[in-house]
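Encoded as structure tokens, the structure appears first; notes follow it.
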Amino acid sequence: MTATPTLEPAFLELIAQEIGCKPTQVQAADALFGEGSTVPFVARYRKEAT
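Residue numbers (my numbering): 6 to 55.
This is the structure:
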């Protein structure tokens, strides 16, 4: 599968500010969820990607 980000850049920035992380981390999480990954899968196997 390919990464398909779904969030607009302005939303990436806003989310990053709200939760206190880098926009690239939000973008990486968005890409994983866009690929169909679930929260438990990301938490267990892909946390280093974010």
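Backbone N, C-alpha and C fix where the C-beta goes; we use that ideal spot for every residue, glycine too.
What you are looking at is a predicted structure, and each value in this text was computed from that prediction instead of being measured.
Checklist entry - Comparing the C-beta of L19 with each C-beta of chain B, is any distance below 9 angstroms? => result As a matter of chain content, chain B is missing from the structure shown, which is built from one protein chain.
Item to check | Which listed residue (A21, V47, Q22) has its alpha carbon closest to that of L37 | outcome: V47
Next on the checklist: Our contact map puts L19 next to Q32 with C-beta atoms below 8 angstroms; I'd like the distance itself, whole angstroms only.
Outcome noted: Not really, about 13 angstroms apart at Cβ, beyond 8 angstroms.
Checklist entry - From which residue to which residue does the alpha helix (DSSP H) around A33 run? => result 28-39
Next on the checklist: Between which residues of its own chain and K27 is the CB-CB distance below 8 angstroms, once the five residues before and five after are set aside?
Outcome noted: A21
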